Amino acid sequence: MYIGMITCNYFMRIYNYQTPENFSWPVMCAKYREEFKYDDFMKLADEIRKMGYTNLEIWEPTFSYKVYSEEQAVKLAEDLKSMGFETLAYCIGGWGVNDIPDIEAAYRFARALGAKVVTGCILKDGYEKTLAEVERCCKKYDMLYAIENHPEPNFEKPEDIRKAIDEFECIGANLDTGIYNMQGYDVMEAARLLRDKTYHVHFKDTVVGGEGCLPIGDGDAPLAELLRYLRDTDYQYMISVEFEHHEDPAPGLIKSMDYIKNALR
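Residue numbering for the sequence shown follows our numbering, starting at 256 and increasing by one per position.
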């Protein structure tokens with residue numbers, strides 16, 4: 256398994272960690288696409304690499320297929336490799352039936368990055384059509400898709416995700432530990448149910464019934480147990496640390512890496 260992080264951890268960086276009044280997630284995403292340039296991404300990647308992370312999940316607004324060319328994606332992959340990054344994944348946020356026309360472009364871009372897994376949530380309404388296009392692109396570009404559990408109206412329940420992924424060859428699960436824990440689901444039970452088709456993990460700590468995420472180890476999700484379970488069952492994909500914080504997340508991300516190293520000793 257590969258320990259990495261998602262660039263979404265830095266979602267407030269575009270605002271210099273000053274949360275605006277009436278904060279809007281879509282507005283923030285649009286601001287990233289418009290203002291966060293190639294050099295900004297490379298500066299961020301350098302900071303991440305210096306924390307000891309060698310794998311990276313690129314969150315689409317920070318390096319978007321809607322903004323950059325496939326040639327620029329190839330260049331980014333080369334630049335990241337020269338920094339010491341080994342494995343990349345691409346997170347598109349989420350898709351529904353209205354996004355079907357965009358799916359192939361995202362896959363071409365992810366392939367240019369050298370990513371093997373695309374991640375994101377999926378709206379349940381009309382999912383058969385959405386996932387049919389995802390599956391077609393997975394096969395065409397030799398990639399996988401990992402459905403992230405998100406609150407309804409997206410796929411949320413482990414049983415619903417299991418049923419959906421069983422209908423397709425190249426589509427599996429992205430286990431978001433923090434969301435399940437926060438909602439009161441049994442994280443380990445979900446991990447066991449989805450294990451054979453888990454292609455990505457959003458490794459997030461939370462408190463049952465709480466809001467927001469914490470540095471790994473500061474919440475009550477069973478993350479040390481999960482790490483050892485994944486290691487012992489020969490999990491072959493990325494464990495992507497997720498710590499979305501309105502202030503600079505770097506201290507929490509460093510603490511999270513230390514926790515992971517200690518848990519795996």
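Ideal Cβ positions, reconstructed from N, Cα and C, are used throughout, including at glycine.
If you're wondering where the values come from, they're calculated on a predicted model, not measured in any experiment.
Which of the three DSSP states, helix, strand or coil, is assigned to residue i?
i    : result
N517 : helix
D487 : helix
Y293 : helix
Y272 : coil
V322 : coil
E312 : strand
V442 : helix
N429 : strand
Y492 : coil
G381 : coil
G507 : helix
V403 : The sequence shown places Glu at residue 403, rather than the Val named in the question. Correct three-state label for E403: strand.
V282 : helix
N277 : coil
With distances taken from CA atoms, which of the options is nearest residue i?
i    : options                : result
A328 : P356, F291, A370, E499 : A370
C468 : H455, M437, L448, L449 : M437
I402 : K379, K395, Y396       : K379
Y265 : H501, R304, A518       : H501
M443 : L485, R417, Y345       : L485
M297 : F498, T262, E326, S324 : T262
W314 : G464, K330, F291       : F291
H455 : M306, C376, Y287       : C376
P316 : T342, D415, N409, A285 : A285
V463 : P470, E499, I515, Y440 : Y440
F340 : K305, S324, K321       : K305
Buried or exposed: where does residue i fall if 16 or more other Cβ atoms within 10 Å of its Cβ makes it buried?
i    : result
R483 : exposed
P413 : buried
L519 : exposed
A387 : exposed
K384 : exposed
D246 : Since the first and last residues shown for the chain are 256 and 520, residue 246 lies out of range.
K452 : buried
G433 : buried
G427 : buried
G474 : buried
P356 : exposed
Please work out which residues of its chain come closer than 8 Å, Cβ to Cβ, to residue i, disregarding the five sequence neighbours upstream and downstream, and give them in chain order.
i    : result
G381 : G351, V352
Go through its chain and collect everything with a Cβ distance to residue i's Cβ below 7 Å, but skip five positions before and after it.
i    : result
T488 : R450
R366 : Y396, M398
Near residue i, which residues of its chain fall below 6 Å by C-beta distance, leaving aside the five closest residues on each side in sequence?
i    : result
V496 : M260, F458, S511
I303 : none
K492 : Looking at the sequence itself, residue 492 is Tyr, so the reference to Lys does not match. Taken in chain order, the residues that qualify are Y454, H455.
H405 : C376
So, does the segment 475–482 touch the segment 453–466, judging by three or more C-beta pairs under 8 Å?
Of all C-beta pairs linking the segment 475–482 to the segment 453–466, three or more are shorter than 8 Å, placing the two stretches in contact.
Would you call the segment 504–512 in contact with the segment 273–293, where contact means no fewer than 3 C-beta pairs closer than 8 Å?
A contact between stretches requires three or more CB pairs, one per stretch, nearer than 8 Å, and the segment 504–512 fails this requirement with the segment 273–293.
Could you say if the segment 331–340 and the segment 372–381 meet the contact criterion of at least three C-beta pairs nearer than 8 Å?
Contact fails: fewer than three Cβ-Cβ distances are below 8 Å.
Would you check if the segment 302–314 and the segment 413–427 touch, i.e. whether three or more CB-CB distances between them fall below 8 Å?
Taking 8 Å as the limit for Cβ pairs, the verdict is that the segment 302–314 does not touch the segment 413–427.
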